[in-house]
Amino acid sequence: MGFQTEFNSVCKFKTEQELYELLEYGRGKMTKQGFRVFPAGQKVIAYTPDNTAVAIVKIVASIAEINFQGEEVTEVEMELIRKLNEEESRVQTALAHEMFFGDPNRK
């Protein structure tokens, strides 16, 4: 058991539904496997499941727990600051691929 630190400027959604709720309602949450640290109050770039940058969000809360199935999970609550325009999305997506998603040594 231990906490895994997240890349400080990335908030990657695993499901389209979680991302849709954030973009549609301005607030949302996502669930990640394992104990993870997401600093509350920090603004980060949100990415789709296919690694495309879509928005700037603010982490409101990060709650790590063991669920009823005995799994370590972290729920991250966030609010939408704004959606990225096409150029911002393209640049952020390219940078994240080079710095994070494209690294074959990362999980």
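Residue numbers (the working numbering): -2 to 104. In this text, a Cβ means the ideal position worked out from N, Cα and C, and glycines have one as well. Since we're looking at a predicted model, the values are computed, not measured.
Annotation: the region 42 to 104 contains the following complete segments of the beta strand (DSSP E) (minimum length 3 residues), in chain order: 50 to 63, 69 to 80.
In this structure, the alpha-carbon of I78 lies about 7 Å from that of A52.
DSSP, read as helix, strand or coil, puts Q30 in strand.
Within the same chain, Y44 come within 6 Å of K9 by CB-CB distance, once the 5 residues on both sides are set aside.
Burial state of T28 is exposed, judged by a 10 Å Cβ sphere holding fewer than 16 other Cβ atoms.
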